[in-house]
Amino acid sequence: MNDYKKIEIPEKYFFDMATKEYHSWKTAFIREFIQNSVDAGASKINTSFKNGYFEIIDNGTGMDDQTIQESLLTLGGSKKHGSSVGGLGKAKEILYFSWPAWSIRSLYWKVDGKGGSYNLSKTKTKYQGTKSSVYLGETFPDPGTCLTTYLNYCSLPNTKVTFNNQTVRTSQKARKGEAVTTIQDLGTLYENEVTIRPQVIVQAHGLYMFSSFGPVDRSYIFDITQNSYDCLTANRNGFKGSWQDKFSQTLVNVAIDSHSAK
């Protein structure tokens, strides 16, 4: 038989996978959208939640049809390079494919989607930046709270974020102090000038990735200088391979030095 059939994907597949793969899928949802906007060079990110729809609008560079089709809307596809924080690989699954209705407007293109299906059309007028709208319904009733919590651990002085037309006010929990040590080709560990529970806040270009509650007895900030998609796991909840070993050993060394100093 030469008649091939496509593998059918149940409507809830992507959402079920996201809740399993991400430590907190709600935080990941917010994180991935903010990261995409920052990677696009956005200085303004406006978000809102009304009638079950979460909307995010940025003034970044936008996406052309090739990026939309071959990277954003292709499983495993990713086109981000250079200083970009994330790729477009796993993110799209939680951002778009998990939801019953979603849309994207960017440059001369408009996408209307439902789960893993979509329709791409060209528009007559140019949209500067990118606007995404996702129907969350009652599944995620408090995106504003999660947005504020996420931004508390970011360092984005040149990016203004609003929610429902109000500037998001954060209780900043991450402010770099003196450099403590460097992991070659990975990043630098800094003292955190903000007093919070002992942990290491891992950031990439000011964007919060995750926290490590290893052996340290105070708060630190680890700034990744390596391309994050080369050293972080697919869900960006931790380092992969030998990078995790080097990171863990560094925290042990810092904890020993801190204890010895005391």
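In this text, residue positions in the sequence shown follow my numbering: the first is 187, and each later residue adds one.
Every residue, glycine too, gets a C-beta built ideally from N, C-alpha and C.
All figures in this text were calculated on a predicted structure; none of them were measured in a lab.
Quick check: the Cα distance between residue i and residue j, rounded to an integer number of angstroms?
| i | j | result |
| --- | --- | --- |
| G273 | Y415 | Residue confidence for G273 is low, a pLDDT of 44 falling below 50, so the modelled location carries little weight; the figure read from the coordinates is stated next. Straight-line Cα distance between these residues: approximately 6 Å. |
| P224 | G246 | For the sequence presented, residue 224 should be read as Val rather than Pro. So the two alpha carbons sit approximately 8 Å from each other. |
| S289 | G301 | 11 Å |
| R404 | F240 | 36 Å |
| D134 | N378 | Residue coverage of the chain in this structure runs from 187 to 448, which leaves residue 134 outside it and unanswerable. |
| V271 | N413 | In this prediction, V271 has a pLDDT of 46, which is less than 50 and means its spatial position is unreliable; nothing more can be read from the coordinates. |
| A204 | T345 | 28 Å |
| N423 | I280 | 14 Å |
| P384 | G373 | 20 Å |
| Y394 | N338 | 9 Å |
| S341 | K212 | 20 Å |
| T343 | T334 | The amino acid at residue 343 is misidentified as Thr; the sequence shows Pro. Cα to Cα, the separation comes out at about 15 Å. |
| L259 | K276 | 11 Å |
With C-beta atoms as the reference, is residue i less than 8 Å away from residue j?
| i | j | result |
| --- | --- | --- |
| Q389 | A360 | yes |
| K296 | S307 | yes |
| A441 | V380 | no |
| K421 | Y208 | For clarity, residue 421 is Asn in the given sequence; the question names Lys instead. Yes; because the gap between Cβ atoms is below 8 Å, this pair is in contact. |
| L437 | K426 | no |
| Y336 | I242 | no |
Using only CA atoms, which one of the options lies nearest to residue i?
| i | options | result |
| --- | --- | --- |
| D244 | K317, I280, L281, Y208 | K317 |
| E256 | K278, N237, F235 | K278 |
| G238 | Q352, L322, Y190 | L322 |
| K230 | K432, T353, G424, I254 | T353 |
| K236 | N338, G330, L258 | G330 |
| S319 | D250, T233, T356, F396 | T233 |
| Q370 | A287, C332, W429 | W429 |
| D202 | T309, T311, T325 | T325 |
Going by DSSP, name the residue or residues bridged to residue i.
| i | result |
| --- | --- |
| T374 | T368, D409 |
| D244 | I231, T316 |
| D298 | S289, N305 |
| Y239 | K236, Y321 |
| L418 | F425 |
| I442 | For I442, which the question treats as bridged, DSSP gives no partner whatsoever. |
| A390 | L393, I410 |
Kindly indicate if chain B contains any beta-carbon less than 8 Å away from that of residue i.
| i | result |
| --- | --- |
| I410 | Looking for chain B here will not work: only one protein chain is present. |
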